[in-house]
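In the UniProt record's numbering, the protein residues as written are 1 to 342.
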Amino acid sequence: MALQAKDNYFDTGSSGKPRRFNKDNFALWKTRMKLFLSGSDPKIPYFLENGPHVPTQTVHAVPATNDQPGIPARELVKPVTDWNDEDRRLVNIDTKARSLIAMSLPDDIFHSVCHLRSAKEIWNTLCVQYEGTAILMESRKIFLVRQYESFIHQKDETLSQIHQRFNCLLIDLKTIGTVYSNSEVVIKFMEALPEQWETYTTCLTMSKDIKTLTLSELYGILLNSEQQKKLKKNLIRDTKDSKSTSLALVSDSVPPVATPSSLTITAICYNCQGKGHFANDCRYIKSQFTPSTKSSSKNPKYQRLKEKYKKMKTQRKGKGLIAEDCDWDDVSSDDSSDEEDT
1 MALQAKDNYF
11 DTGSSGKPRR
21 FNKDNFALWK
31 TRMKLFLSGS
41 DPKIPYFLEN
51 GPHVPTQTVH
61 AVPATNDQPG
71 IPARELVKPV
81 TDWNDEDRRL
91 VNIDTKARSL
101 IAMSLPDDIF
111 HSVCHLRSAK
121 EIWNTLCVQY
131 EGTAILMESR
141 KIFLVRQYES
151 FIHQKDETLS
161 QIHQRFNCLL
171 IDLKTIGTVY
181 SNSEVVIKFM
191 EALPEQWETY
201 TTCLTMSKDI
211 KTLTLSELYG
221 ILLNSEQQKK
231 LKKNLIRDTK
241 DSKSTSLALV
251 SDSVPPVATP
261 SSLTITAICY
271 NCQGKGHFAN
281 DCRYIKSQFT
291 PSTKSSSKNP
301 KYQRLKEKYK
311 KMKTQRKGKG
321 LIAEDCDWDD
331 VSSDDSSDEE
341 DT
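This is how it looks when you write it as structure tokens:
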């Protein structure tokens, strides 16, 4: 059967099954695999460094004689038939280590190391392939040190994300033998935080306990402070929401007040019985009291009174102050009637 579709590289393993090999993060896999192998048998790390156990037996020295020279004592490999229980147990430890390493490897990588005879050979081959030679290791060390020195927070990165990225960098540095002191790590992490933590970290830096504070303790303090701020912000937001809800309920219970525009639309004028305006704004009443020059000029009574006035004015200019007989009753009656008409 063909290779299974894409091995699961994100398998976390279990107490009886090692974590799957991760070629993209070999340093992390190597550290975890060492812990797993040590838990399976404490002697496995020793065999990874020094090779498998080979049962031997000591051949005692043969003293020299007159005819033959002496033979010094020497170690000879035991035949399998001569192995005792301890020999079998120690040999099986290396076999167990090979089996556990093979279980963690995907098929394509296992094919490249399956011909090797010991756990040490498999382990060293994987280290050379994915960790590099001594020159490559030195280059990687320089690269990781530069990453540590220039470590800074990224845009929109949370406190947990900063701590996780920084902690992974410290683990990578430790795998290549570079370890910083506790105070250096704490100060470097505080310097990498965003500006919003500047006041808080300054107070911690001036504290006497900064030398004994670990990175985990610092992260716990900062995380607790961040959670308290979020809780306070949520309480303030909930209070504002409750106030706005109560105001909305009060506004719903109060009947709406009529606006001037709505009153104007429903108003009825008591003068002209029209809609849409009040009596003070009624144009009908104003038009009744506004004199019309055209209608007054066409009124016959007005014309008659105007001619009589011109006639009387002409007579007064011609006669001066000479009194004449005149029927004043007729004039007064005419004047009064004219005034009424006017």
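Glycine included, each C-beta is placed from N, C-alpha and C at the ideal position.
This structure is a prediction, so every number in the text was calculated from the model and none was measured.
- Taking the Cα positions, Val54 is about 34 Å away from Glu138.
- When rounded, the separation of the alpha-carbon atoms in Val113 and Arg19 is 18 Å.
- Taken through DSSP and simplified to helix, strand or coil, Arg20 comes out as coil.
- Annotated as distal: Ala119 and Phe151, with beta-carbon spacing of 9 Å or more.
- Just so you know, the alpha carbons of Cys272 and Thr314 end up roughly 47 Å apart.
- The shortest C-alpha to C-alpha distance from Lys43 to any of Asp82, Thr95, Asn167 and Gln228 is the one to Thr95.
- Around the beta carbon of Phe143, a 10 Å sphere encloses fewer than 16 other beta carbons of the protein chains shown; the residue is thus reported as exposed.
- DSSP, reduced to helix, strand and coil, places Arg98 within a helical segment of the structure shown.
- Within a 10 Å sphere around the beta-carbon of Ser216 sit fewer than 16 other beta-carbons, which makes this residue exposed.
- Taking the C-beta atoms as reference points, Leu223 is found no nearer than 9 Å to Val186.
- Spatial neighbours of Ala64 in its own chain (CB-CB distance under 8 Å, excluding positions within 5 residues in sequence) are listed in chain order as Gly70.
- Non-local beta-carbon contacts of Tyr130 in its own chain, meaning distances under 8 Å to residues more than five positions away in sequence, involve Lys23 and Phe26 in chain order.
- Within 10 angstroms of the beta-carbon of Arg98 lie 16 or more other beta-carbons, which makes it buried.
- Rounded to whole angstroms, the separation of the alpha carbons of Lys78 and Gln68 is 26 Å.
- With a minimum length of 3 residues, there is no unbroken run of beta strand (DSSP E) contained wholly in the region 179-251.
- Within the same chain, no residue comes within 7 Å of Cys127 by CB-CB distance, once the 5 residues on both sides are set aside.
- Nearest in C-alpha terms to Val59, of all of Glu75, Lys275, His153 and Phe21, is Glu75.
- Annotation for Thr58: no alpha helix (DSSP H) segment contains it, though the beta strand (DSSP E) segment containing it runs Thr56 to Val59.
- At the C-beta level, Val91 and Pro52 come within 9 Å of one another.
- Around the Cβ of Asp172, a 10 Å sphere holds 16 or more other Cβ atoms; the residue is buried.
- Collapsing the DSSP output to three states places Arg74 in a strand.
- Here Leu35 is not near Leu48, since their CB atoms are 9 Å or more apart.
- Within a 10 Å sphere around the beta-carbon of Ile268 sit fewer than 16 other beta-carbons, which makes this residue exposed.
- Pairing Arg165 with Met33, the inter-Cα distance amounts to about 21 Å.
- A direct Cα-Cα distance of roughly 11 Å separates Ile109 from Ile122.
- The residues Val185, in chain order, have a CB closer than 7 Å to that of Leu170 in the same chain once the five nearest residues on each side in sequence are set aside.
- Annotation: the continuous alpha helix (DSSP H) that includes Asp107 extends over Asp107 to Phe110.
- A distance of 9 Å or more separates the beta carbons of Asn167 and Thr214.
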